[in-house]
């Protein structure tokens, strides 16, 4: 296939679409999930950091892992979010195992994924409510305009006249 060959040559040259990899250390699966993984220093093996619904969650998992592997000098996707974490694993002589790095990274990724998913559902629900309100208002306005007659405004501060049995309001 010509398209996949072009994509492969673009990948070799470092040209990729933002949709494919908006952050370092992540990629999107064919079915839309975002995954994160990182290579262990001085080894060919990789540490699997999980599969997430949003690219931000995957990128945060990657950031956590790279921070614990390489310390404060690591190139992060969101450096401002790990500023208060101390030295990380790579900078203070403490060697963390791949399993403990994976655990910390997947915890962060899962938390971010949960927040992102909740915000998405909340925004989606709010958007639906706004659309329903607009439709209701639009329908009521159309019905009011289509009635074509003058609507008499009633003064709600006046009490009804008890002598008038048909419920007409006092008109003073």
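Residue numbers (the numbering used here): 6 to 177. C-beta: ideal position from N, C-alpha, C; glycine also. A quick note: this is a predicted structure, and the numbers were derived from the prediction, not measured.
> Can you tell me the Cα-Cα spacing of residue 31 and residue 100, whole angstroms?
Replying inline: 24 angstroms
> Does DSSP classify residue 78 as helix, strand or coil?
Replying inline: helix
> Based on the DSSP secondary-structure assignment, which residues constitute the bridge partners of residue 53?
Replying inline: 42
> Alpha carbon to alpha carbon, how far is residue 57 from residue 160?
Replying inline: 60 angstroms
>> Report the CB separation of residue 64 from residue 55 in whole angstroms; it is logged as a contact under 8 angstroms.
In response: Not a contact, Cβ separation roughly 12 angstroms.
> With a Cβ-Cβ cutoff of 7 angstroms, do residue 28 and residue 60 count as a contact?
Replying inline: yes
> Applying the criterion that 16 or more other CB atoms from any shown protein chain within 10 Å of the CB defines a buried residue, is residue 36 buried or exposed?
Replying inline: exposed
> Under three-state DSSP, which class holds residue 97?
Replying inline: Legend: pLDDT at residue 97 = 49, less than 50; position of this residue unreliable, no value from coordinates given.
>> To the nearest angstrom, how far is the alpha carbon of residue 109 from that of residue 50?
In response: 18 angstroms
>> I'd like to confirm the pairing. Which residues does DSSP put opposite residue 31 in its beta bridges?
In response: 41
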